[in-house]
Each structure stands twice: as C-alpha cells, then as structure tokens.
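Structure first, commentary second.
Residue numbers (our numbering), protein chains in the order written: chain A, 103 to 492; chain B, 2 to 162.
Now the structure itself:
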C-alpha cells in the first residue's frame, strides 16, 4: 500500500488508486477552441430520432417514476428476446438480467458482488481505463494481461495460463476493444474458453461494441458450450445506438450473480433512469436500420483512416471492430503523451496517448474515427504536416 | 457499386481517390464505374444544395407548388400536357400524383409577381388544363435529406475515453 506523506481524509483505497496521468492533458484539450478531435470515445451520430422521440413522448405522458430495481420488465423481456434472436443466448428476463446505469455501473456491481479482498482478476492491457480501478475499488487485485501489436492486441490462451496464479478468480475481456479495436473470431474464442474452463475463471465480458464488428460475425463468449455459467455478459446502448448520455446498459448472467448485483444496485442506485429504459426499449425494437447505417459509415472511415495512417508512416493494423485505431508512433521516438501534446498545440488535433490505457501501451496513440469524413481528412493532413516538421 | 452512388449523393465533389479509400477499391475502378454511370444516365447530374436564405438581399427567388388539374385528352392522357408544362424553363419539377389533382408542378421565379404572371399567362390558359391552385413556398425546413436550419445541438466533449 502506498504511504502518503501527510494525513488525508480520503479513504486508503481511493488514495491508492493510480491517478490519471492524462487528466491535465484532457483539461488542455477541453480548454481549446476549434480543435479537430480524434480523441472522442463516443459516436458522432445523434441518437436516432425515433428513439429520442419515444423518450420525449414518455416525458410528456409523465413517465418519471422509479422502475423496478431490476429494470422495467418490458425492457428485460425485450433484451432477452433480442439476445435470443441475435445470438441464440437464453437469459431469463426475470432472474438473469439487470438494467444498469451504463455498462460502467454493471462492471462495478459485478466486481463488488463477486470479489473478496485480495482476489486477483486478469485485466488486459491496453484496455479501457475503468477495468483495473473497478477491480481495486472492490478490494480485488488487478493483474495485467499484456496484449501486443504482434498478436493483434488479442488475449491468447498462453498469456492467460502464464498470468494465472493461486487466487486468480476472474478475467476481464472487452471485445471489440477500446482502445485497440481488436476482436475475436469464434474459433479464437473457443480456444480462450478452453483455457478459462481449465483455470476455472469467471469472465466479465464487456461486449458493448459488438454491433460494430466489420469483418466477421460477433460471437458472445457466453454462447459457447459450457461457458454460460461463468460469464457475466455486459452490453449497452451507448455505442450501437449512440445513446451515451442516456446512461443505460445491462448485465446478463447466472441467477446467483445477477441476484447479488441486484442486491447492491437496489441500495446504491435503486434503478436505472426510466427515460433511458424507455428509449432503450425503442432502440431494440426498431433500431436495426439505424445501426446498420452507422456501421456502414464507420466501416468506410475505418478503411480510410488505416490506409491514410500507414501511408503517413504510422504502422496501423486493421482493427476488427469498435471505432478506434491504435497506430504505433515508436518510429518517431517521442513518448505518446508528448506526441499528443505537441500535435495538439502545434496543429490543433486531439487524440489520446496510448499510455492512458496502460504502461505497455506507450509508443501508441488511439485515434477515434467517430468523426465526419471531412474531419478525418483534415486531421490526416495536419498529422502529415506535423510528422514532416512543418 | 451502389456504394459509390451513395457516397456521391452525399458529396458530389469527392474525388475518386477518396472514394477508393472509403471503399477499398482502386481509383481506376472507381473512375471506370463513375464514367459508366454518367454515360448510361444513372448519374444524371451533379448538384450543389444551397441555403438561399443565407444569401443577403436575396429577395429575388420565389418558389411555388402548383396543383394542376387536367382534362385528359383522348389517346393522349396526361403525358402530353405534362410535357408542354415541363418544357417551360420556369418549371423546375413536374410530377404526376394521385389524389385531388393530377400534376404537381414546381415553379421558380424572381418574385411573387413573376410566378403569378407565369401561372396566369402561360399555365392556366394551356389547352387541357382545367384548373390550377398555387401555393407559394414560405420557408424551407428540409430538402434532399438535409435539414437547413439546424439548431446548434449539444456538442460532444472533445476528448473522452
């Protein structure tokens, strides 16, 4: 445990959370005008109108009350039906589904519901910034599971086996991945499933970007044989339906886990926002066309940005999903935070330095292509100038 | 190849190189496809959509939707009359529609007076036309899929995980 020099009123567990070294950089970006941002982790589409309209209508009608702790039964049923239709997953809407305030809350609930003090959880690196902190806040210990450019930023069975020690209870996986965009084919997941079973691990499976998988069909880990009972499946509406501000997600899993999560949720959150839930139901019912249109647009941009970055001399692998690319800046010899700062101040282009996603992600930058084609074109032009020292 | 048309409809000024980058095809293949579309008339023309309200002092542009009821001639039907109408350069669009009238005609002119004069002197007296009803366009909200008067919606934070 880190010793603080002076007395603090803050709890030890929060004091010991590693502070974000990027906070100052983020503040710098937010304080600048006319920045072309490739650093945004949310879609550049507005929530489709039919979804917003449903939400507005519900407010006009006066739907402003609490819902059941687990979430509106109609929404849980819709989710159960949707997952069954889409992936063949069978989750009972009454006992095996919980509506959460974003997937963020779901992850936190699961960690607190499952981890005893000192329990180890494998957390991939680079990965979304919340996973390790959520594990630590729940009293667990995050163990880094390194993924590299050489293996396409994917978790391999070998790496899992190497990282597992006594006391390793669970693994986090996020696919398609923020920040790398990496995802797994069914065959790859079968291999991972074998290893997970061998080591008797639980898996927190964050699949929020599932709809944005471009080259093959997404396979939920929980749909593989023998996996259902050890997976907590997380998904939401922020990325597929551009509903980030609604703060709506859900978790599906075995009855005991969901029950425990609900126990916490009912005390800490009571229920997810009703307006968000109503909007989410509309999204599941009628949002398929909007999702397909957004996906088509992202896919085009993906191709454009990967080709452009490789042309500029920033080696960039083709990510399988999400809306991020993770090119290497190792050849420039500049640390990623410094690179990002200089690019921002000299060319007014913002992106997120790799180091924000883990120490081993130094030497990379995350570029989000959730931005208009015109913005992407202009940003590429400016990065080109920056690299040439103009 | 529909993808190329979709991209061009959204931005007619995009270059074949850029289309190539978006679709994964070669610029040469894109050029060939576009050329074919232009030759066989699938691509009719390239257009710029302008919000004329933004141009100061532009009171000299008036648009009207005119409902035209026709007495169809024997053996000739509507096409003949429609052709006589749309041959006028003032007529920017002409459609045969179902409902209470037959043709929907869009007329553009410099002023209310010009358009009214056109209707009164050229359109209404035309053989085969039973009656016309003129609606002057007062405000354009949305055209060709583009919302013109977009309110400045909430902007995303410029950086987020």
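Every residue gets a Cβ at the ideal spot worked out from N, C-alpha and C, and that includes glycine.
For residue 358 (chain A), the nearest beta carbon of chain B is not closer than 8 angstroms to its own beta carbon. For residue 119 (chain B), the uninterrupted alpha helix (DSSP H) segment begins and ends at 113 to 119.
A distance below 8 angstroms separates the beta carbons of residue 67 (chain B) and residue 108 (chain B). Closer than 8 angstroms to the CB of residue 144 (chain A) there is at least one CB belonging to chain B.
When Cβ-Cβ separations below 8 angstroms define contact, residue 146 (chain B) makes no contact with chain A.
Of all residues in the stretch 197 to 230 of chain A, the ones placed with a Cβ closer than 9 angstroms to any Cβ belonging to chain B are 230, in chain order.
Annotation: residue 158 (chain A) is outside any beta strand (DSSP E); the continuous alpha helix (DSSP H) that includes it extends over 151 to 163.
Here residue 339 (chain A) is buried: its Cβ has 16 or more other Cβ atoms, across all protein chains shown, within 10 Å. Collapsing the DSSP output to three states places residue 456 (chain A) in a helix. Between the stretch 375 to 385 of chain A and the stretch 442 to 462 of chain A, the count of Cβ pairs shorter than 8 angstroms is below three; the stretches do not touch. In this structure, DSSP gives residue 138 (chain B) a state outside helix and strand, which the three-state scheme calls coil.
Here the C-alpha atom of residue 272 (chain A) lies approximately 27 angstroms from the C-alpha atom of residue 372 (chain A).
Between the beta-carbon of residue 334 (chain A) and that of residue 353 (chain A) there is about 6 angstroms, and that keeps the pair under the 8 angstroms contact cut. Where residue 365 (chain A) is concerned, the enclosing alpha helix (DSSP H) starts and stops at 357 to 370. For residue 23 (chain B), a Cβ of chain A is located within less than 8 angstroms of the residue's own Cβ. When only Cα atoms are considered, residue 331 (chain A) and residue 355 (chain A) end up about 7 angstroms apart. Here residue 403 (chain A) has 471, 475, 478 as same chain residues with Cβ atoms under 7 angstroms from its own Cβ, once five neighbours each way along the sequence are excluded. Secondary structure of residue 323 (chain A) (DSSP, three-state): helix.
With a beta-carbon spacing of about 6 angstroms, residue 119 (chain A) and residue 238 (chain A) fall inside the 8 angstroms limit used to define contacts. A distance of 8 angstroms or more separates the beta carbons of residue 48 (chain B) and residue 406 (chain A). A direct Cα-Cα distance of roughly 7 angstroms separates residue 91 (chain B) from residue 110 (chain B). A distance below 8 angstroms separates the beta carbons of residue 189 (chain A) and residue 322 (chain A). Take the alpha-carbon of residue 202 (chain A) and the one of residue 43 (chain B): they are about 49 angstroms apart. Distance between residue 425 (chain A) and residue 418 (chain A), taken at the CA atoms: about 14 angstroms.
Scanning its chain for C-beta atoms nearer than 6 angstroms, with the 5 sequence neighbours on each side dropped, one finds around residue 62 (chain B) the residues 53, in chain order. Here residue 293 (chain A) carries a helix assignment [DSSP, helix/strand/coil].
Bounds of any alpha helix (DSSP H) do not take in residue 338 (chain A); it lies within the beta strand (DSSP E) bounded by 333 to 338. Remark: three or more beta-carbon pairs, one from each stretch, lie closer than 8 angstroms, so the stretch 242 to 259 of chain A and the stretch 289 to 301 of chain A are flagged as touching. Counting other Cβ atoms within 10 Å of its Cβ, residue 110 (chain A) stays below 16 and is therefore classed as exposed. Between residue 70 (chain B) and residue 102 (chain B) the beta-carbon gap is near 5 angstroms, inside 8 angstroms, which marks them as a contact.
Selection B:106, B:100, B:83 evaluated against residue 93 (chain B) yields B:106 as nearest (Cα-Cα).
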